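As C-alpha cells, the structure follows; a few thoughts come after it.
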Amino acid sequence: MDYQNLANTYETPLYIYDFNDIKSRYLELKNSFSARKSLICYAVKANSNLSLLKFLANLGCGFDCVSFNEVKKALLAGAKNYNIILSGVGKRDDEIEEAIKSNILMINVESKAELLQIEKISQNLNNKTRISIRVNPNIDPKTHPYISTGLKENKFGVSIELAKWMYLYAKKSDFLDPVGIHFHIGSQLLDEQPIIEASKIIADLMKSLKALDIDIKFFDVGGGIGVDYEDEKTINLYNYTQGILSSLNGQDVTIVCEPGRFLVAKSGKLLTKVLYEKENLGKRFVIVDAAMSELLRPSLYQAFHNIKALKPYENLSKCDVVGPICESGDFLGKDINLPNLNSGDLLLIEDSGAYGFSMASNYNSRLKPAAICVLDDKIQLICKKESFEDLIKNEVEFLGNFDEKH
Ligand code: LLP
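According to the working numbering, the sequence shown is numbered sequentially starting from 523.
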C-alpha cells in the first residue's frame with residue numbers, strides 16, 4: 523500500500539480499515555456457531571462508521587446498539603429491525619419509545635426500574651415488547667478494571683435473584699414478552715474460561731425459568747472476545763463456542779453474540795505523520811500529528827498499540843510517541859524502538875479499528891480525521907475529514923443580552 527500517497531490525498535491522521543479482514547473475521551465467528559441457530563450482533567460502539575455497518579449488514583450481521591442513535595445508524599445502513607438489539611444501563615424514555623416503534627428484536631433490560639418503565643411505555647403504545655434481561659453472573663473476567671462488567675461491584679445487569687423476579691413479573695405483564703437472557707462480563711477477554719463459566723450459570727438460570735413456564739428463545743453471551751494487540755494468546759474460538767454450546771446442555775435457543783473489537787480492531791490502522799523529534803534530559807520523544815483525540819486507548823487504559831515506522835529499521839532507539847495535545851497523558855506508545863525519524867516520516871498505529879474513531883473527540887479543537895476502507899485492493903473514502911465549519915456549526919453567537927425568563 524502506498525501510504526505516502528494516501529497521506530498526500532487524505533491528509534494525516536487517517537483511519538484505514540481493511541474490509542476483507544472484517545469479512546473473514548465475521549465469517550469465522552459465524553461458522554464457529556454453525557452447529558446452532560446463531561445471530562452475530564456487532565457492537566456498534568466499537569466503530570459506528572456507516573459504511574462499515576452497511577458492509578456488515580450485507581453479510582447478514584445484526585447489531586447491538588447502546589443508544590437509539592446507534593439503532594438509527596444501523597437501520598440507515600440497511601440492517602433489518604429484527605436483527606437489532608438495544609442495550610445500555612441508562613436508556614431514556616424517548617429511546618425506549620423509538621425502539622418499540624421500530625419493532626427491533628429485543629431490548630436488553632438492566633434494572634427493575636427500567637423494566638417497569640419499559641412496561642409503562644409499552645402500555646402507552648399498546649405494545650407487547652420483547653425484552654431480554656442482563657444478568658450479572660458475578661464472574662471475574664480477568665481484564666482491565668475499566669472494561670470489566672460482570673462483577674457485583676460493576677453497574678451492569680441485575681443479580682440472579684432479581685432476574686428471576688423480573689422474569690416472573692414480565693411473564694405476567696400484558697405488555698412485556700421475555701424472550702431473551704443476556705450477560706456480558708467484560709471486554710478484551712483473552713481466556714474463554716470465565717465466559718464459559720458465566721454461560722453455565724446463565725444456562726442454569728434459563729433452565730429454572732423453563733420450569734416456571736418462561737421459555738427463553740435467545741441466549742445472548744455478550745461480546746468481549748479479545749484480540750492480540752501485543753502477540754498475546756487470545757481466546758480459542760473453537761473452545762469458546764464449544765464451551766458455550768455444551769453449557770446449554772441441549773436447551774434449544776438461538777445464540778446471540780455481540781462482538782465489537784473481535785470484528786474490527788485488527789482491521790484498522792491509524793496513519794500519522796511525524797512533526798518533530800525532541801529530547802528532554804536524555805529522553806527521546808517523537809511528536810506526531812495523531813493524539814489521544816483519535817486513539818484514546820493508550821491514555822485511558824495504558825493500552826498497547828504496536829507502532830510501525832515506514833522506513834528502514836536502522837539506528838533504533840527507544841522513544842515515547844506522543845501527540846500534540848496539552849496533557850502529559852497524551853501518548854500513543856511508550857518505550858518503543860524506532861529508527862531516527864524526520865518531520866514528515868509516516869508511522870502506522872496498528873489495531874486501531876475498534877474504539878478509535880468511536881471514542882474520538884474534538885479536544886484542543888482538533889478536527890476528526892478522514893477514514894478510508896480497502897476492499898479487494900480498492901480504496902474508498904468512508905468518512906470525510908471534519909472542517910473548521912463542522913467544528914463550530916452548533917455553536918451560537920453570544921449576543922450579550924440575556925433572556926430574562928431564565
Ligand atoms: N456487549 C456489551 C453489552 C458491551 O458492553 C460491549 C462493550 C460489547 C458487547 C462489545 O465488547 P467487545 O466485543 O468490543 O469487547 N473502550 C474500551 C472497550 C469498552 C467496551 C464496552 N462494552 C476499549 O477501548 O478497550
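Built from N, CA and C at the ideal position, the CB exists for glycine as well.
Because the structure is a prediction, the values reported are computed rather than measured.
Taking 8 Å as the cut-off, does the CB of residue i come closer than this to any heavy atom belonging to ligand 1?
| i | result |
| --- | --- |
| M814 | no |
| Q503 | Residue 503 is absent from the structure shown; the chain starts at 523 and stops at 928. |
| L822 | yes |
| P781 | yes |
| R656 | yes |
| V843 | no |
| S839 | no |
| F784 | yes |
| D753 | no |
| M688 | no |
| M881 | yes |
| V593 | no |
Assuming contact is defined by CB atoms lying nearer than 9 Å, are residue i and residue j in contact in what I supplied?
| i | j | result |
| --- | --- | --- |
| L647 | I682 | no |
| L759 | L690 | no |
| V929 | F741 | Nothing in the structure corresponds to residue 929, since the chain is present only between 523 and 928. |
| Y604 | K907 | no |
| A529 | L863 | no |
| M523 | V810 | no |
| I655 | N676 | no |
| A565 | E641 | no |
| A599 | L578 | yes |
| K795 | G866 | yes |
| L551 | I747 | yes |
| P781 | A720 | no |
| Y539 | V749 | no |
| T651 | F697 | yes |
Helix, strand or coil, according to DSSP, for residue i in the structure here?
| i | result |
| --- | --- |
| F853 | strand |
| Y564 | strand |
| I757 | coil |
| A621 | helix |
| R819 | helix |
| T794 | strand |
| F541 | helix |
| V743 | coil |
| A831 | strand |
| S839 | strand |
| I736 | coil |
| P700 | strand |
| R656 | strand |
| F807 | strand |
Taking residue i as the reference, give the member of the options with the closest Cα.
| i | options | result |
| --- | --- | --- |
| V505 | Q710, D852 and S789 | Only positions 523 to 928 of the chain appear in this structure, which leaves residue 505 out of reach. |
| A825 | A876, K634, S644 and F541 | A876 |
| I703 | L711, K722, Q715 and K739 | K739 |
| G708 | E632, S730 and H666 | H666 |
| R888 | D898, I914, N864 and S865 | I914 |
| K559 | I766, E917 and I809 | I766 |
| C892 | D925, K830, G790 and L797 | This sequence places Ala at residue 892; Cys is not what is there. The candidate whose alpha carbon is nearest that of A892 is G790. |
| F590 | L561, N542, I736 and K623 | K623 |
| D842 | Y798, F541, D873 and Y835 | Y798 |
| K594 | E617, C583, G610 and Y823 | E617 |
| E801 | K840, L637 and G744 | K840 |
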